[in-house]
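Participant: My questions all concern the structure below.
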Amino acid sequence: KGYVVIDLKGKYIYPSLIDAFTSYGIAESQRATAGGFGGGRQSIFTSTKKGAYNWNEAIRPETEVKTIFAIDAKKADDLRKVGFGSVNAINRDGIARGTSAAVSLTDASENLAMIKDQTAANYSFNKGTSSNDYPSSLMGSIALLRQTYLDAGWYKGQKEEYNISLEEFNKQQNLPQLFEADGWQNILRAAKIGKEFGKQYIIKSNGDEYQRIDAVKASGASLIIPINFAKAFDVEDPAEARNVSLGQMKAWELAPTNPAVLEKAGVNFALTTFSLDNPRDFWANLRIAIENGLTEKQALLSVTEVPAKMLGISDKVGSLEKGKLANFLITSENIFKSSNIIYENWVQGKRFIVSKMDVTDLRGVYNLNADGIGALTLKITGTGG
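Numbering-wise (the numbering used here), the sequence shown opens with residue 1 and increments by one.
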């Protein structure tokens, strides 16, 4: 009673995809004005934030996405059209960034969109919008994060002062730990900090792990990797070609092999739309990765079951099972084929039409005979939508 049976004979059904690293629904933080050292104002070395917070504004674990998240209808629609049904929303501001939240791409309300209010504690080497002059270098960021771990350890054993930031930092240590790192070097730097303090980070990288795959694998980190492959360089003009280094050329050539290299090495990883100019580029780039050795099985896992497990939401999304949210796709064929059409994306049981199913597919090759012209061949290609 209350159910509707839809005949989908000949169609394919997949779980809606999951993006484990986005800033969806988070307002962009306002940058502080330039600091001392020529910035036109007095240097600031301690927090200007009112309240019992950490002495450095880049340490802000008290930030909770669940309290600042707001549905972005346009971005949600763009992601649904690509096939995504849920994302991990992160406030990408600071070195200790606070907690992220898993949300669905519904258009209903923030209350209904919230799948899990705390998915991970988040970190980076970028101080973000902090008005403090320190840190002003990568070395300083590393030192500040290490000092914060030490301060948090000290804080647990004292009763003299209250510190909101350290209180929240300690509470979050039982959550998954997610670190945004740019480049394989920073993966190894983050992993070293994690080892020092007994943490195993999930690391969002920038897609160059193939350059040091043995060291990356040895770190034990699970990864979230982008597939924003660079476009080919224009080297027709010899003068312009001289400005392109061999390293740049090799990176352009080998970056599409990165997912396959990680799969072959046995590294656990999820895929993200992060860094793409447009989410619509996701499928074209994923197919390039498959052409360069990534298996379709691993590709599907990397946008469904793997991110669901990373974020602790596999009881709700990531696969088609009884009791889970009704997040699923209806497609025309194998989802990895370039000719595939995503017809519908159902999010929490609500139907979102991407392309109409009842439209006759006219793609194909036709032989025509026209008076006065003779025999002609007409080829119709393209995708639906």
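Even for Gly, the Cβ is constructed at its ideal location relative to N, Cα and C. This one's a predicted model, so the numbers in the text were calculated from it and none came from an experiment.
1. Taking the beta carbon of K316 as the centre, do at least 16 other beta carbons fall within 10 Å, making it buried, or is it exposed?
2. Report buried or exposed for G35, applying the criterion of at least 16 other Cβ atoms within 10 angstroms of its Cβ.
3. What residue range is occupied by the uninterrupted beta strand (DSSP E) comprising K116?
4. What's the gap between the Cα of A386 and the Cα of P176?
5. Please state if the CB of L329 and the CB of I115 are separated by a distance shorter than 9 Å.
6. Rounded to the nearest angstrom, what separates K10 and V347 at their Cα positions?
7. With C-beta atoms as the reference, is G25 less than 9 Å away from V103?
8. Within the chosen definition, does the stretch 177-192 reach the stretch 246-264 through at least 3 CB pairs nearer than 8 Å?
9. Just mark T392 as buried or exposed, buried being the case when its beta carbon has 16 or more other beta carbons within 10 Å.
10. For L17, does the count of other Cβ atoms within 10 angstroms reach 16, so buried, or fall short, so exposed?
11. Does the stretch 149-161 come into contact with the stretch 106-121, if we say contact requires no fewer than three beta-carbon pairs (one atom in each stretch) closer than 8 Å?
12. Provide the residue span of the alpha helix (DSSP H) that contains R363, from first to last.
13. Rounded to whole angstroms, what's the CA-CA distance from G38 to K250? Just pull it up for me.
14. Starting from N88, follow the beta strand (DSSP E) in both directions and report where the run begins and ends.
15. Measuring alpha carbon to alpha carbon, tell me which of A27, I341, A52 and K159 ends up nearest A70.
16. Given F229, which residues of its chain have a CB within under 7 Å of its CB, disregarding the five upstream and five downstream residues?
17. Going along the chain, which residues of its own chain have a beta-carbon closer than 8 Å to the beta-carbon of L368, five neighbours each way excluded?
18. Between which residues of its own chain and I290 is the CB-CB distance below 8 Å, once the five residues before and five after are set aside?
19. Can you tell me whether A232 is buried or exposed, with buried defined as 16 or more other CB within 10 angstroms of its CB?
20. Please determine whether the Cβ atom of I44 lies at a distance below 8 Å from any heavy atom of the ligand MG.
21. Whole angstroms is fine: what's the gap from V354's alpha carbon to R280's?
22. May I ask you to list the residues that DSSP assigns as paired with Q177?
23. Could you check which residue in E196, I142, N88 and S338 has the C-alpha nearest to that of V303?
24. Helix, strand or coil for I193 per DSSP?
25. Figure out for me which residue from L8, K75, K50 and P15 has the closest Cα to the Cα of D277.
26. Hey, R363 and I342: beta-carbon distance below 9 Å or not?
27. Can you list, in chain order, the residues of its chain with a C-beta nearer than 7 Å to that of E64? Leave out the 5 residues immediately preceding and following it.
28. Rounding to the nearest angstrom, what Cα-Cα distance links V5 and M139 in this structure?
29. With DSSP as the reference, label A102 as helix, strand or coil.
30. What are the residues that DSSP puts in a beta bridge with F269?
31. Given M357, which residues of its chain have a CB within under 8 Å of its CB, disregarding the five upstream and five downstream residues?
32. Check whether the stretch 150-165 and the stretch 211-227 are in contact - that is, three or more C-beta pairs closer than 8 Å.
33. Taking W351 as part of the beta strand (DSSP E), name the residues at either end of that continuous run.
34. Within a Cβ cutoff of 6 Å, which residues of the same chain sit near V306, ignoring the five residues on either side of it in sequence?
Facilitator: Put simply:
1. Walking along the sequence shown from the start, residue 316 turns up at place 316. K316 is buried by the Cβ-count criterion.
2. To locate residue 35, count along the sequence shown from 1; it is residue 35. Interpretation of G35 is limited by its pLDDT of 48, a score under 50 that renders its predicted location unreliable; no figure is taken from the coordinates.
3. Sequence index remark: in the sequence shown, residue 116 carries index 116 (1-based). That run of the beta strand (DSSP E) goes M114 to K116.
4. What the structure shows of the chain is the stretch from 1 to 385, and residue 386 is not part of that stretch, so it cannot be assessed.
5. Stepping through the sequence shown from its first residue, residue 115 is reached at position 115. Stepping through the sequence shown from its first residue, residue 329 is reached at position 329. No, Cβ-Cβ distance for I115 and L329 is not below 9 Å.
6. Taking the sequence shown and counting its residues from 1, the one referred to as residue 10 is at position 10. Taking the sequence shown and counting its residues from 1, the one referred to as residue 347 is at position 347. Checking the sequence, you will find Gly at residue 10 rather than Lys. Approximately 22 Å between the Cα atoms of the pair.
7. Start at 1 with the first residue of the sequence shown, and residue 25 comes out as number 25. Start at 1 with the first residue of the sequence shown, and residue 103 comes out as number 103. Against a cut-off of 9 Å, the Cβ pair of V103 and G25 comes out as a contact.
8. no
9. The question about residue 392 has no answer, for the chain in this structure spans 1 to 385.
10. As a working mapping, residue 17 is identified with position 17 in the sequence shown. By the neighbour-count rule (16 or more Cβ atoms within 10 Å), L17 is buried.
11. no
12. Numbered from its first residue, the sequence shown carries residue 363 at position 363. R363 -> no alpha helix (DSSP H), and no H or E assigned at all.
13. By 1-based counting over the sequence shown, the position of residue 38 is 38. By 1-based counting over the sequence shown, the position of residue 250 is 250. Note on G38: pLDDT 48, under 50, position unreliable in the model; the coordinate value appears next. C-alpha separation (whole angstroms): 39 Å.
14. The residue you call residue 88 lines up with position 88 of the sequence shown. Looking at the DSSP string, the run of the beta strand (DSSP E) that includes N88 is F84 to A89.
15. As a working note, residue 70 is residue 70 in the sequence shown. The residue with the shortest Cα to Cα distance from A70 is A27.
16. Position 229 of the sequence shown, counted from the start, is the residue given in the question as residue 229. Only A255, P256, N285 and I288 meet the Cβ criterion.
17. As a first step, residue 368 is located in the sequence shown; it is residue number 368 there, counting from the start. Within the same chain, and ignoring the five residues on either side of L368 in sequence, the residues whose Cβ sits closer than 8 Å to its Cβ are A375, L376, T377 and L378.
18. Within the sequence shown, the letter at position 290 stands for residue 290. These residues qualify, in order along the chain: E296, A299 and F336.
19. Along the sequence shown, one-based indexing puts residue 232 at 232. Here A232 is exposed: its Cβ has fewer than 16 other Cβ atoms, across all protein chains shown, within 10 Å.
20. By its list of ligands, the structure shown contains no ligand whatsoever, and the ligand MG lies outside what it can speak to.
21. As a first step, residue 354 must be located in the sequence shown, where it is residue number 354. As a first step, residue 280 must be located in the sequence shown, where it is residue number 280. Rounded to the nearest angstrom, the two C-alpha atoms are 13 Å apart.
22. Within the sequence shown, numbered from 1, the residue matching residue 177 stands at position 177. Bridge partners of Q177: A121 and Y201.
23. Taking the sequence shown and counting its residues from 1, the one referred to as residue 303 is at position 303. Nearest option by C-alpha distance: N88.
24. Within the sequence shown, the letter at position 193 stands for residue 193. Helix.
25. Your numbering for residue 277 matches position 277 in the sequence shown. Answer by Cα proximity: K75.
26. Sequence index remark: in the sequence shown, residue 363 carries index 363 (1-based). Sequence index remark: in the sequence shown, residue 342 carries index 342 (1-based). Going by C-beta atoms, R363 is not nearer than 9 Å to I342.
27. Counting from 1 along the sequence shown, the entry for residue 64 is found at position 64. Shown here for E64: same chain residues with a beta carbon closer than 7 Å to its own, the five before and five after excluded, namely G98 and T99 in chain order.
28. The residue you call residue 5 lines up with position 5 of the sequence shown. The residue you call residue 139 lines up with position 139 of the sequence shown. The straight-line gap from Cα to Cα measures roughly 60 Å.
29. Your numbering for residue 102 matches position 102 in the sequence shown. The answer is strand: DSSP assigns A102 an E or B state.
30. For the purposes of this step, residue 269 is identified with residue 269 of the sequence shown, where counting begins at 1. Partner(s): L223.
31. Looking up residue 357 in the sequence shown gives position 357. Take M357, set aside five residues on each side of it, and the residues of its chain with a beta-carbon closer than 8 Å to its own are K11, I330, Y343 and E344, in chain order.
32. no
33. On the sequence shown, residue 351 is found 351 positions in, with the first residue counted as 1. It is Arg, not Trp, that sits at residue 351 in the sequence shown. Looking at the DSSP string, the run of the beta strand (DSSP E) that includes R351 is K350 to I353.
34. Within the sequence shown, the letter at position 306 stands for residue 306. The residues are A270.
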